[in-house]
Every structure is written in structure tokens, then in C-alpha cells.
Amino acid sequence: YLLSDSDSDSDMESDDVLEESDTELDHVTSLERAAYTTLYLLQELQTSSAQVSALTAASSTSDDNANNSLPSLFGGPATASNSASGLGGVIIEKSRFLMKLSPRIRRLESDTVKCLVGRLEELLVEMRSVMERQFHDDRAPPDEDDDGIGRGGVHPSKERERQARKRRKENLLLMIGHCLRGLALLGKGVDAESAFARVAIMPIIRSKLSMGKLDEGGSRGECTRLFFLLDDIANTLASMYGSIMRVSEGMFAPAERDVNVEHGNGNANEHENDNTAKGWSTPMEVDLVTCGVWVPVATALMADPGIKMAIFSPGIANVLQANYSALDTFLSELASSLLKNVKPSDNDHKSSIASAIVADIGDFSHLYY
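Going by our numbering, the letters in the sequence shown line up with residues 87 to 455, in that order.
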């Protein structure tokens, strides 16, 4: 059938959105490349400084060890001394050059981190907007005046909107991944965790946690709804930002290693039931579950004196026991709730690589509790 004016306008707007998304993705990718360049320059600066320090220490002891050094195979001690002096001169000259650039390199590092954090915050805000719109459309009833065109009683224009929103979500995940990797490269994982907690998590916690909501349905100070509020917070965070946390865990989860085998204490099979025989190769560079979610929740519970007193010092034994049980259950199930692996529906099998990564990334909840 012929496209109407509104349909053609929608297609043109969709093309413009895709072109804008590609431009944004190129920009974020360039920021990650800038992080790689900055890291290389920082490593060169540190290596050069270490080499100069080593040469200075060696020159101070060279006179004492001159008689104990072996003669050179290509011309005797004089030639060896001249060769070492020439090499040292090159290293010192390189070090001087890099030291002159040191302020600019540090400025580049600061600007790159600032750009990555700022872009990450913008992407998190947009992700929340996209997810809220998706939840609104999922709860909306089907159109009563549908003309029968489309799948499942959905108007073609709305179907296109959903597909465009889905593609936008995938692009947002890719761009957020670039920002997280760039910050991790520069050793600024704490900045990524702080931005995630401040921009994405704290607004949701503030909107759901209050003294009035804690005591709703019970006497004042009993915290009757503590368990339900914590569960609601976990479910909301999982639905809004679970895909981001799963992508982050897939990139930064440490590889499991066997401590006994590395230290020559026997075969790994002999210790497969010993939890103390296994560890993690490196700490996580970016941990959004612990530092991005649990720390803000704990901070919100402790920051308000009224909430803190009601939960941790109620003065009533059974209330304290109930609050302790609610918090213990929340903490023990937090990672599994946030990182639960939601398989895509049959209609989503043709989605892009970003969706496949999110769906197949696995369950990392065992890393936390």
C-alpha cells in the first residue's frame, strides 16, 4: 500500500535518528581511543622516569665496580663505556622531552576523564528515559481504533517507534560500554561507579524510601514495609539498569583461578571442593553492583537519622529481628536480582550484537555473596 505523509515523515525521522546515533557512537568510540592514547603516554612517562632513576643509581656505583666488570667483546672497556654512555644519553634526552610534556599529558588525562564521565552521565539519563517510555507503552492498552494493519493489533507507527526505541537502547548500551572501558583503562573505575550511583541509582532510592513509606500499614517505628520497599527498589533497578550492570559484569568480572596449582600445591582436581583454594586473579576495575547500588542503598538508610534509628535501633526486639532479616535477605539476593539473565522473546532473535551480549552474558551473582 502507499505510505501516507505521516508514515513517510516517520521514516525520514527514523533515518535522521539512526544517523545521529552513528555520530554519537563515533564520538564515544573516539573518547575510548583517547583513553588508550593517554594511557600509553602515561606509561611512557613513568617508564622514562624509572629508567633515569636506574641510570642515576647505576652511575653512582659504576666507579666502585669498574675493576669487577667484564671486558667488552668489541673493543674493550672503553668501547663498552662509550656505548653505555650513548644509550644513557638517549634515555635522558627522551626523559627530558617527556618531562616537558608532563603537564600536557596530565591535562589530557584530566580532560579525557571529565569527558568520559560527563558522557556517561548523559547516557544514563537517556537510558532511564528510554526505559520509562518502554514501561509506559508496555502497560498501555491496545488501540481501540486500530485499522488492522500491523502485528498483534499494534499500529504500524507505534511498531516503528518500538523498534526505533529498541535500537536506541542497544546503541546506548554500546556507548556506555565504551565509557566504562575508557574510565577503567585510566584507573578511574571509582569515577564510573560514582556517576552510576549519583545519576542512576540515588534518584530511584530517594523516590521510594521515606519514613512514611516504611511505616505504611503499621504503627510508627515498626518499619512494616521495609522488606517490600527493598524488594521494590531491587526490582526497579533491575528493570531500569539491569542490562547495563550485566554488560559491566561481562567486561570486568575477574577470572577465577586456582591458588593451589599456582603455588605448586597439587592438582586442581584435589581441591575442587575447597572454597579456600580458589580466588580471583585481579580485583574488579568497575563494580556497579557493590559500589553503584549497595553503597547508595546503605548510605540512604544511614543518612536519615529517623530511618537509621527506626531500622537499627528500634528498641523492640522483634522489630529489630525483622529489620535484620529483611536487610540480610535483600543483601543476599541483591546480585541475583540485579544480574538475573532475562532471555529474549522469540520476536527478538534478529536483534543486534548488543542484545545478544546482554542476554548471553551469564549470571555473576555468585561473585558477591
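Glycine included, each C-beta is placed from N, C-alpha and C at the ideal position. Bear in mind the structure is a predicted one, so any value in this text is a computation, not a measurement.
Are there 16 or more other CB atoms within 10 angstroms of the CB of residue i, so buried, or fewer, so exposed?
i: N257; result: buried
i: A136; result: exposed
i: G234; result: The predicted position of G234 is uncertain, since its pLDDT is 48 and thus under 50; no value can be drawn from it.
i: F221; result: exposed
i: K274; result: buried
i: G304; result: exposed
i: G263; result: buried
i: S90; result: For S90, the pLDDT reaches just 46, beneath the cut-off of 50, and the residue's location in the model is therefore unreliable, although a value from the coordinates is still provided. Answer is exposed; the Cβ neighbour count stays below 16.
i: P189; result: exposed
Check whether the Cβ atoms of residue i and residue j sit closer than 8 Å, and answer yes or no.
i: E110; j: M261; result: yes
i: L300; j: A403; result: no
i: V203; j: R254; result: no
i: L131; j: T198; result: no
i: V426; j: A324; result: In the sequence on display, residue 426 carries Lys and not Val. Against a cut-off of 8 Å, the Cβ pair of A324 and K426 comes out as a contact.
i: K186; j: S134; result: no
i: V211; j: V285; result: yes
i: I291; j: V375; result: no
i: D317; j: K294; result: no
i: D223; j: R193; result: no
i: L424; j: M331; result: yes
For residue i, name the three-state secondary structure that DSSP assigns.
i: T385; result: helix
i: G392; result: helix
i: G298; result: helix
i: R253; result: helix
i: C265; result: helix
i: E419; result: helix
i: L312; result: helix
i: E195; result: helix
i: L272; result: coil
i: K426; result: coil
i: V375; result: coil
i: R248; result: helix
i: S399; result: coil
i: A412; result: helix
i: M326; result: helix
i: M370; result: coil
i: S293; result: helix
i: P189; result: helix
i: F183; result: helix
i: G175; result: helix
i: S305; result: coil
i: P242; result: helix
i: A339; result: coil
State the CB to CB distance for the pair residue i and residue j, rounded to an integer number of angstroms; the pair is presumed to be in contact (CB under 8 Å).
i: A266; j: S329; result: Per the sequence shown, the amino acid found at residue 266 is Leu instead of Ala. L266 to S329, Cβ: 13 Å. No contact.
i: E195; j: T124; result: 5 Å
i: A412; j: F313; result: 4 Å
i: L206; j: A278; result: 6 Å
i: V138; j: I177; result: 7 Å
i: I191; j: L128; result: 6 Å
i: V405; j: E302; result: With a Cβ gap of about 15 Å, V405 and E302 do not count as contacting.
Between the options, which has its C-alpha nearest residue i's C-alpha?
i: T385; options: T133, T115, P289 and R205; result: P289
i: A339; options: P369, L315 and L312; result: P369
i: N321; options: V379, A121, G303 and R306; result: V379
i: S296; options: F398, R311, L127 and T376; result: R311
i: Y122; options: E302, V276, L271 and G307; result: L271
i: Y327; options: A283, V276 and D108; result: A283
i: C201; options: L406, D414 and R119; result: R119
i: L315; options: F416, L209 and G336; result: F416
i: G401; options: S418, S107, E208 and R306; result: R306
i: V276; options: D373, L259 and K244; result: D373
i: Y126; options: R225, A250, I287 and L184; result: L184
i: L209; options: S107, K394, R246 and A250; result: S107
i: G336; options: L259, M213 and P189; result: L259
i: I287; options: P189, R214 and E245; result: R214
i: G298; options: G392, R246 and C377; result: G392
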